[in-house]
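Chemist: If you count the sequence shown from 1, position 64 lands on 68 in this note's numbering, and the numbers rise without skipping. Where is the CB? At the ideal position from N, CA and C, for every residue including glycine. Note that the structure is a prediction, hence the values are computed from the model and not measured. Can you read through this structure? Questions will come right after.
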Amino acid sequence: MIKRLLLLDELEGVKLTVIVELSAAQPDSAMVNHKKLWGLLQDRGVNIEGISDKVSFIRKNNDGLKISGVGVIDLSQEGVISSLINAENNVYFAISRYKLKKIDYGEGRSYWMNETWREGGVVFFALGFFDEPSCEIAAMGNKEEILNLIAN
5 MIKRLLLLDE
15 LEGVKLTVIV
25 ELSAAQPDSA
35 MVNHKKLWGL
45 LQDRGVNIEG
55 ISDKVSFIRK
65 NNDGLKISGV
75 GVIDLSQEGV
85 ISSLINAENN
95 VYFAISRYKL
105 KKIDYGEGRS
115 YWMNETWREG
125 GVVFFALGFF
135 DEPSCEIAAM
145 GNKEEILNLI
155 AN
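As structure tokens, this is what we get:
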């Protein structure tokens, strides 16, 4: 569905941003600090070759390290989206018809979602994927932007 949306003439040139947050806290070790999000995912067999502009964020909290990251998906690479969705609970995709300003994804989920919506973007995520054999893709954003996507 996301690929189909990005092929629309009206959305030509729009990038698909992926945001991943590891669901479990990680130990504060040299290996985790070195590999960060993208190295840890690659070690688990996740296909990250089709992702560019990868950035990782590490926040320390009481139970270890909270690791997240952001990148841009190359839609010509097969299996990247499904590999990410199958590997982690907290995977989000964001698109916008406008060039998003620089968003600090390290500030946390609420912050970057609000900034994406403020810039006219839409956030997609799998709903119920780990609870049910079939899942739905949910889209959250401004009503006008979602209606524009549905109308196409």
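1. Taking the CB atoms as reference points, tell me whether Leu26 and Ser87 lie closer together than 8 Å.
2. Could you say if the segment 60-75 and the segment 19-33 meet the contact criterion of at least three C-beta pairs nearer than 8 Å?
3. Which whole-angstrom value is the C-beta distance of Val50 and Ala98, which I expect to be below 8 Å?
4. Out of Ala29, Phe129 and Glu119, which one is the CA nearest neighbour of Asn65?
5. Considering only the alpha carbon of each residue, which of Gly75, Glu82, Ser80 and Glu111 lies closest to Val95?
6. Let me know if Lys147 comes out buried or exposed under the rule of 16 or more other beta-carbons within 10 Å of its beta-carbon.
7. Taking the DSSP output, what are the residues bridged to Asn65?
8. Nearest-angstrom Cα distance between Val59 and Gly112?
9. Alpha helix (DSSP H) containing Ile85: first to last residue?
10. Among Ile154, Gly125, Leu20 and Ala143, which one has its Cα closest to the Cα of Ile55?
11. Going along the chain, which residues of its own chain have a beta-carbon closer than 6 Å to the beta-carbon of Val84, five neighbours each way excluded?
Modeler: Reading it off the structure:
1. The sequence position of residue 26 within the sequence shown is 22, counting from 1. The sequence position of residue 87 within the sequence shown is 83, counting from 1. Their beta carbons are not under 8 Å apart, which means Leu26 does not touch Ser87 by this criterion.
2. Under the 8 Å Cβ criterion, the segment 60-75 counts as touching the segment 19-33, having at least three qualifying pairs.
3. Indexing the sequence shown from 1 puts residue 50 at position 46. Indexing the sequence shown from 1 puts residue 98 at position 94. That belief does not hold up - the Cβ atoms of Val50 and Ala98 are roughly 19 Å apart, past 8 Å.
4. Position 61 of the sequence shown holds residue 65. Selected option, being the one with the closest Cα: Ala29.
5. The sequence position of residue 95 within the sequence shown is 91, counting from 1. For Val95, the closest of Gly75, Glu82, Ser80 and Glu111 by C-alpha to C-alpha distance is Gly75.
6. The count along the sequence shown starts at 1 and reaches residue 147 at position 143. Within 10 angstroms of the beta-carbon of Lys147 lie fewer than 16 other beta-carbons, which makes it exposed.
7. One-based indexing of the sequence shown puts residue 65 at position 61. For Asn65, which the question treats as bridged, DSSP gives the partners Gly68.
8. Within the sequence shown, residue 59 is the residue found at index 55, counting from 1. Within the sequence shown, residue 112 is the residue found at index 108, counting from 1. Their Cα atoms are separated by approximately 14 Å.
9. To locate residue 85, count along the sequence shown from 1; it is residue 81. Run containing Ile85: Val84 to Ala91, per the alpha helix (DSSP H) assignment.
10. In the sequence shown, the residue the question calls residue 55 occupies position 51. The shortest Cα separation from Ile55 among Ile154, Gly125, Leu20 and Ala143 belongs to Leu20.
11. Indexing the sequence shown from 1 puts residue 84 at position 80. Result list for Val84: Asn51, Gly54 and Ile77, in chain order.
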